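Residue numbers (my numbering), protein chains in the order written: chain A, 1 to 115; chain B, 1001 to 1115. For reference, the structure is listed below as C-alpha cells.
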C-alpha cells in the first residue's frame, strides 16, 4: 500500500498481558514516530527512529514500553504487563527524514483496550 | 519547552459560514507550526505548516492559517464551511531543540458543521 500501515486496528486484552503493535512505514521513509492518543493526555510523542541511529525514547511513559525497528523499516511497539491506563489509540507516522520540512504521514492507529 | 493552546474544544458553524479555529503557541525560538485534521477512526492528515517563509500559509481543502508573531497565534480559517469539514483539528509545534520534528500537540478542536 501507499500509506503507513498499522496492525492490528483494534486490540482488546486483559490487564497484565503483553501486547505488540506493528507499524509498516511508507517505503523509503527513514524517520518513524510513535504517538499515543488518549482521552486524558491527548496526543503524546512516544519514540522516534531515524535510519539506523539510536532511537529517541524520551516520550516513553515507563519501562514497560519499548520499541524496535528492524532493518530500518517495520517497527514494533511492545507494552509489557499492560495497565488500564495504557488504553489508548497508538499512532505511527513516517517521514522521508526527521527535519522540519518533512511532513509526517500517519497510519490509522491501533485502538488498544485493556480490560 | 514549546507548547500550543487551542481555545475551544468544540466549534459549531453552519454550512457556508466562516471557520475559525484558534491556536496560540509558546516558543523560545522561531517555531515550526502545523495544523492536522483527524476524521473518525483515522490517523492525522497534514493540512498546512509554517516554517518561517510566508506568514500566510495555504493548505489543502481551502484552509489557510496566518502566523502572527506579535500575538503568538496561528489560527486556522476557511471562508466557507462544508459538511465534509466536520472533524477534529489539532495544532502542533515542533520542538526543534530535540534535533528532529518532535511534535507537541494541542488538545484539539472538534468542528461541527450543520446544514
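Don't be surprised by glycine CBs; every beta carbon is placed ideally from N, CA and C. Bear in mind that the values here come from a model prediction, so they are computed numbers and not experimental data.
Between residue 32 of chain A and residue 75 of chain A, the C-beta spacing is below 8 Å. Contacts with chain A (Cβ-Cβ distance below 8 Å) from the stretch 1059-1076 of chain B involve no residue at all. Taking a beta-carbon distance threshold of 8 Å, residue 65 of chain A does not count as an interface residue toward chain B.
Boundaries of the beta strand (DSSP E) around residue 1058 of chain B: 1056-1058. Membership of residue 1106 of chain B in any beta strand (DSSP E) is not indicated, and neither H nor E is assigned to it by DSSP. CA-to-CA, the gap between residue 44 of chain A and residue 14 of chain A works out to about 23 Å. Pairing residue 1037 of chain B with residue 1023 of chain B gives a Cβ-Cβ distance that is not under 8 Å.
As a beta-bridge residue in DSSP terms, residue 42 of chain A pairs with A:38. A check of alpha carbon separations from residue 1058 of chain B across B:1001, B:1034, B:1013 identifies B:1034 as the nearest.
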